[in-house]
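Each protein sequence line maps, in turn, to chains Y and Z.
Residue numbers for the first sequence follow our numbering, so the first one is 23 and each next one is one higher.
Residue numbers for the second sequence follow our numbering, so the first one is 23 and each next one is one higher.
The beta carbon of each residue, even a glycine, is placed where N, CA and C say it ideally should be.
Predicted, not measured: the structure shown is a model, and the values here were computed from it.
Number of protein chains: 2
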Amino acid sequence: MDQSREPHFVQSLERGLAVIRAFDADHPELTLSEVARACDLTRAAARRFLLTLVDLGYMRTDGRLFALSPRVLELGYAYLSSLTLPEVAEPHLERLVAQVRESSSVCVLDGDDVVYVARVPTSRIMTVTINVGTRFPAYATSMGRVLLAGLPDEELDKYLARVKLVAFTARTVGTTSALRAELMKVRGQGYALVDQELEEGLRSLAAPIRDRAGRVVAAMNISVHASRNTVDSMRRDLLPKLLETAAKVSADLQVATPRRTSRLAGA
Amino acid sequence: MDQSREPHFVQSLERGLAVIRAFDADHPELTLSEVARACDLTRAAARRFLLTLVDLGYMRTDGRLFALSPRVLELGYAYLSSLTLPEVAEPHLERLVAQVRESSSVCVLDGDDVVYVARVPTSRIMTVTINVGTRFPAYATSMGRVLLAGLPDEELDKYLARVKLVAFTARTVGTTSALRAELMKVRGQGYALVDQELEEGLRSLAAPIRDRAGRVVAAMNISVHASRNTVDSMRRDLLPKLLETAAKVSADLQVATPRRTSRLAGA
Numbered sequence: 023m024d025q026s027r028e029p030h031f032v033q034s035l036e037r038g039l040a041v042i043r044a045f046d047a048d049h050p051e052l053t054l055s056e057v058a059r060a061c062d063l064t065r066a067a068a069r070r071f072l073l074t075l076v077d078l079g080y081m082r083t084d085g086r087l088f089a090l091s092p093r094v095l096e097l098g099y100a101y102l103s104s105l106t107l108p109e110v111a112e113p114h115l116e117r118l119v120a121q122v123r124e125s126s127s128v129c130v131l132d133g134d135d136v137v138y139v140a141r142v143p144t145s146r147i148m149t150v151t152i153n154v155g156t157r158f159p160a161y162a163t164s165m166g167r168v169l170l171a172g173l174p175d176e177e178l179d180k181y182l183a184r185v186k187l188v189a190f191t192a193r194t195v196g197t198t199s200a201l202r203a204e205l206m207k208v209r210g211q212g213y214a215l216v217d218q219e220l221e222e223g224l225r226s227l228a229a230p231i232r233d234r235a236g237r238v239v240a241a242m243n244i245s246v247h248a249s250r251n252t253v254d255s256m257r258r259d260l261l262p263k264l265l266e267t268a269a270k271v272s273a274d275l276q277v278a279t280p281r282r283t284s285r286l287a288g289a
Numbered sequence: 023m024d025q026s027r028e029p030h031f032v033q034s035l036e037r038g039l040a041v042i043r044a045f046d047a048d049h050p051e052l053t054l055s056e057v058a059r060a061c062d063l064t065r066a067a068a069r070r071f072l073l074t075l076v077d078l079g080y081m082r083t084d085g086r087l088f089a090l091s092p093r094v095l096e097l098g099y100a101y102l103s104s105l106t107l108p109e110v111a112e113p114h115l116e117r118l119v120a121q122v123r124e125s126s127s128v129c130v131l132d133g134d135d136v137v138y139v140a141r142v143p144t145s146r147i148m149t150v151t152i153n154v155g156t157r158f159p160a161y162a163t164s165m166g167r168v169l170l171a172g173l174p175d176e177e178l179d180k181y182l183a184r185v186k187l188v189a190f191t192a193r194t195v196g197t198t199s200a201l202r203a204e205l206m207k208v209r210g211q212g213y214a215l216v217d218q219e220l221e222e223g224l225r226s227l228a229a230p231i232r233d234r235a236g237r238v239v240a241a242m243n244i245s246v247h248a249s250r251n252t253v254d255s256m257r258r259d260l261l262p263k264l265l266e267t268a269a270k271v272s273a274d275l276q277v278a279t280p281r282r283t284s285r286l287a288g289a
């Protein structure tokens, strides 16, 4: 654990959240010792955090194995329900998916990642399961490119200076100068098209969702099988419907009731 | 806060999680004082928890207002990705929704509530937005009745002894003896049909998902507009497809790879 924290820092909150995050697809159930090892805690400390989470209903145990309980979803749900965007976007996503019969999602930027906040799937394209909460590096996704292109120049420069590009496929953008050129193109044309840069066989098209001030606050995409859709057919058949839907979401978001409109800058 | 906790109890973890849960649809942004009041904390304590959550990336602030950040979704995502069920169920849900053109969901029981763990929507029926993580009292929903009917007798008796029935509509089951009779019927027929007991205009049909030992571990439903579907048409047109799909999910779940199969009893 980081020892150089501010005086206000509540270390037991950090540790308790780390215990929750020790559980995932590869580790759905862990013993006390496994949690202690994963979180770099003593067994005594791990035991206190685990039993506290059991008391609070976030964890269940048979005495030896521990697993998260559905109550953990309430924490993420607190975030989702505090957001106007998914509620505003979902009926539009549903109509778009009914029209084009391809999956459509909405993402926001969190640090250097895109995070899914709404999704209407049709058929399984990706080899990984996408849920609300799934995150991917922004540079390799169409929604990420729309969101990066919408950053103020200064923030974009900082992002490009720190980002490490990983080649997920042979087509993934390889240099920050190529990425910058692509983002400038996205700014100009008002959408992003990514052709199998995150995963072989996956093409995706994204458009910006804007707030009243014109800032890009989210992105909406349509993702398709590369074997069933050419880049040209996506531009011709899907792009107009995507742009129209994203514009409707932006319009609805801009008239969302004041109670639900963010008072936080850039939110 | 509860003062009668076990010696192992980490109160600052409880308080930090309470701070996260202070934010919701009606309170997407809160000041320090508002958080202190909502969580029954001193301003100094609320400040420490809020700033710790900001440091960890779970919260953002402009100095005065605080709001949750998308990273909070990772906590719920840890639970979802630790679960085999949504991954196994989703392709089946998608095929069912494509066939019947009505929304379909999967719930598990958590305490006395059903909690959504997978959902494929078509059109907005409910007046409240349903996300993964949404919960409703089990007795008023078709999935809840399937899950309650699957409880061992002893657990069901305890549930019926403690449950307080709220009349969400004029049709909501009003007595525990009527509820018990309905649950016995559900056990016998292998499905539940709920007609506008949770919300006017909403009918829902649910079937059990079973593990290898035959225990009911989840429920799958189809929900429809009452104005477009009679109870008879639901039994005739939707029930066979729902039962078939739930059986397929059960079969897939029972052969899920050992790594992802729960070692926790009843899980």
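Out of Y:59, Y:61 and Y:55, point me to the one whose CA is closest to residue 85 of chain Y's CA. The sequence position of residue 85 of chain Y within the first sequence is 63, counting from 1. Selected option, being the one with the closest Cα: Y:55.
Listed from N- to C-terminal order along the chain, which residues in the segment 89 to 108 of chain Y have their beta-carbon within a distance smaller than 9 Å of any beta-carbon of chain A? Annotation note: the requested chain A is absent from the structure, which comprises protein chains Y and Z.
Taking the alpha helix (DSSP H) that residue 78 of chain Y falls in, what are its first and last residues? In the first sequence, residue 78 of chain Y corresponds to position 56, counting from 1. It is not in any alpha helix (DSSP H) - residue 78 of chain Y carries neither H nor E in the DSSP assignment.
Every unbroken alpha helix (DSSP H) inside the segment 69 to 123 of chain Y [4 residues or more]: Counting only runs of 4 or more, we get 95 to 103 and 106 to 122.
Which residue from Z:274, Z:271 and Z:241 puts its Cα closest to that of residue 135 of chain Z? Numbered from 1 along the second sequence, position 113 holds the residue referred to as residue 135 of chain Z. When only C-alpha atoms are compared, the closest one is Z:241.
Which residues in chain Y sit within 8 Å of residue 153 of chain Z, going by Cβ to Cβ distance? The residue you call residue 153 of chain Z lines up with position 131 of the second sequence. By Cβ distance, chain Y contributes 99, 102, 103, 108 and 154.
Could you spell out the range, first to last residue, of the alpha helix (DSSP H) harbouring residue 42 of chain Y? Position 20 of the first sequence, counted from the start, is the residue given in the question as residue 42 of chain Y. 33 to 43 is the span of the alpha helix (DSSP H), which, as asked, contains residue 42 of chain Y.
Answer yes or no: does any C-beta atom of chain Y fall closer than 8 Å to that of residue 73 of chain Z? Within the second sequence, numbered from 1, the residue matching residue 73 of chain Z stands at position 51. Put simply, the CB of residue 73 of chain Z is near chain Y, with a gap under 8 Å to one of its CB atoms.
Endpoints, beta strand (DSSP E) assigned at residue 224 of chain Z: By 1-based counting over the second sequence, the position of residue 224 of chain Z is 202. Annotation for residue 224 of chain Z: the continuous beta strand (DSSP E) segment containing it runs 224 to 232.
Using a threshold of 8 Å, state whether the C-beta atoms of residue 154 of chain Z and residue 141 of chain Z are closer than that. As a working mapping, residue 154 of chain Z is identified with position 132 in the second sequence. As a working mapping, residue 141 of chain Z is identified with position 119 in the second sequence. Yes, these two residues count as a Cβ contact at 8 Å.
Please list the partners that residue 158 of chain Y has in chain Z, where partner means a Cβ-to-Cβ separation under 7 Å. Position 136 of the first sequence, counted from the first residue, corresponds to residue 158 of chain Y. None at all; the shortest Cβ gap to chain Z is about 13 Å.
Sort out for me which residues DSSP pairs residue 127 of chain Y with in a bridge. Position 105 of the first sequence, counted from the start, is the residue given in the question as residue 127 of chain Y. Within the DSSP secondary-structure output, residue 127 of chain Y pairs in a beta bridge with Y:141 and Y:243.
Nearest-angstrom Cα distance between residue 230 of chain Z and residue 157 of chain Z? Working through the second sequence from its first residue, we reach residue 230 of chain Z at position 208. Working through the second sequence from its first residue, we reach residue 157 of chain Z at position 135. Computed Cα separation, rounded: 18 Å.
In this structure, how does DSSP classify residue 168 of chain Z when only helix, strand and coil are distinguished? For the purposes of this step, residue 168 of chain Z is taken as the residue at position 146 of the second sequence. Correct three-state label for residue 168 of chain Z: helix.
Hey, is the segment 264 to 277 of chain Y in contact with the segment 218 to 229 of chain Y, meaning 3+ C-beta pairs nearer than 8 Å? At 8 Å Cβ cutoff, the stretches touch.
Locate the beta strand (DSSP E) running through residue 159 of chain Y, then write down its first and last residues. Working through the first sequence from its first residue, we reach residue 159 of chain Y at position 137. Start and end: 157 to 159.
Using 10 angstroms around the beta-carbon of residue 132 of chain Y, count the other beta-carbons present and answer buried if the total reaches 16, otherwise exposed. In the first sequence, the residue the question calls residue 132 of chain Y occupies position 110. With 16 or more Cβ atoms within 10 Å of its Cβ, residue 132 of chain Y is classed as buried.
What residues in its chain sit with their C-beta under 7 Å from that of residue 189 of chain Y, if we drop five residues either side in the sequence? For this step, residue 189 of chain Y is matched to residue 167 along the first sequence. Close CB contacts of residue 189 of chain Y within its chain, under the 7 Å cut and outside five residues either way in sequence, are with 196 (chain order).
Would you mind telling me which residues of chain Y sit closer than 8 Å to residue 30 of chain Z, beta carbon to beta carbon, in chain order? Position 8 of the second sequence, counted from the first residue, corresponds to residue 30 of chain Z. Ordered by position in chain Y, the residues that pass the 8 Å Cβ test against residue 30 of chain Z are 69, 70, 73 and 74.
Would you verify that the beta carbon of residue 267 of chain Y is, or is not, closer than 8 Å to some beta carbon of chain Z? Position 245 of the first sequence, counting from 1, holds the residue named residue 267 of chain Y. Cβ-Cβ to chain Z under 8 Å: no for residue 267 of chain Y.
Nearest-angstrom Cα separation, counted from residue 92 of chain Z out to residue 137 of chain Y: The residue given as residue 137 of chain Y occupies position 115 in the first sequence. The residue given as residue 92 of chain Z occupies position 70 in the second sequence. Each residue's Cα considered, the two are about 7 Å apart.
In chain Z, which residues lie less than 7 Å from residue 47 of chain Y when you measure between Cβ atoms? Counted from its first residue, the first sequence places residue 47 of chain Y at position 25. Simply 103 and 104.
Report the residues of the segment 162 to 174 of chain Z with a CB closer than 8 Å to any CB of chain Y, ordered along the chain. Hits within the stretch: zero.
Proximity to residue 235 of chain Y [Cα-Cα], best of Y:172, Y:207, Y:219 and Y:115: The residue given as residue 235 of chain Y occupies position 213 in the first sequence. Check the Cα spacing between residue 235 of chain Y and each of Y:172, Y:207, Y:219 and Y:115: the tightest is with Y:172.
Grab the span of the beta strand (DSSP E) containing residue 214 of chain Y for me, first residue to last. Indexing the first sequence from 1 puts residue 214 of chain Y at position 192. Looking at the DSSP string, the run of the beta strand (DSSP E) that includes residue 214 of chain Y is 214 to 217.
According to the neighbour-count rule (16 or more other Cβ atoms, all chains shown, within 10 Å of its Cβ), is residue 206 of chain Z buried or exposed? By 1-based counting over the second sequence, the position of residue 206 of chain Z is 184. So residue 206 of chain Z ends up on the exposed side.
Under 7 Å between beta-carbons, which chain Y residues line up against residue 42 of chain Z? List them in chain order, please. Taking the second sequence and counting its residues from 1, the one referred to as residue 42 of chain Z is at position 20. Correct list: 97 and 100.
Chain Z beta carbons: is any one of them nearer than 8 Å to that of residue 270 of chain Y? As a first step, residue 270 of chain Y is located in the first sequence; it is residue number 248 there, counting from the start. Answer no: the Cβ-Cβ gap between residue 270 of chain Y and chain Z never drops below 8 Å.
Using 8 Å as the limit for Cβ to Cβ distance, is residue 249 of chain Z near chain Y? Start at 1 with the first residue of the second sequence, and residue 249 of chain Z comes out as number 227. Contact with chain Y is absent for residue 249 of chain Z, since none of that chain's Cβ atoms lies less than 8 Å from the residue's Cβ.
Where residue 280 of chain Z and residue 255 of chain Y are concerned, what is the direct C-alpha to C-alpha distance, given to the nearest angstrom? One-based indexing of the second sequence puts residue 280 of chain Z at position 258. One-based indexing of the first sequence puts residue 255 of chain Y at position 233. Note that residue 280 of chain Z scores 42 on pLDDT, short of 50, meaning its location in the model is unreliable and no value can be drawn from it.
Measure how close the beta-carbons of residue 127 of chain Z and residue 90 of chain Y come, nearest whole angstrom, since I'm counting them as under 8 Å. Against the second sequence, residue 127 of chain Z aligns to sequence position 105. Against the first sequence, residue 90 of chain Y aligns to sequence position 68. Contact check for residue 127 of chain Z and residue 90 of chain Y: beta-carbon distance about 20 Å, past the 8 Å limit, so the pair fails to qualify.
Can you grab the Cα-Cα spacing for the pair residue 253 of chain Y / residue 32 of chain Y, in whole Å? Position 231 of the first sequence, counting from 1, holds the residue named residue 253 of chain Y. Position 10 of the first sequence, counting from 1, holds the residue named residue 32 of chain Y. Spanning the two alpha carbons is a distance of roughly 50 Å.
CB contact flag (residue 139 of chain Y, residue 130 of chain Y, <8 Å): For the purposes of this step, residue 139 of chain Y is taken as residue 117 along the first sequence, with counting starting at 1. For the purposes of this step, residue 130 of chain Y is taken as residue 108 along the first sequence, with counting starting at 1. A Cβ-Cβ contact shorter than 8 Å links residue 139 of chain Y with residue 130 of chain Y.
Quick check: what's the CA-CA separation for residue 110 of chain Y versus residue 102 of chain Y? Counted from its first residue, the first sequence places residue 110 of chain Y at position 88. Counted from its first residue, the first sequence places residue 102 of chain Y at position 80. Taking the straight line from one Cα to the other gives about 12 Å.
Taking the alpha carbon of residue 152 of chain Y as the reference point, which residue from Z:117, Z:99, Z:260 and Z:199 has its own alpha carbon closest? Translated into the one-based positions of the first sequence, residue 152 of chain Y becomes position 130. Comparing Cα positions, the closest option is Z:99.
For residue 175 of chain Z, which of helix, strand or coil comes out of DSSP? Counting from one through the second sequence, the residue named residue 175 of chain Z turns up at place 153. Residue 175 of chain Z: helix per DSSP, three-state reduction.
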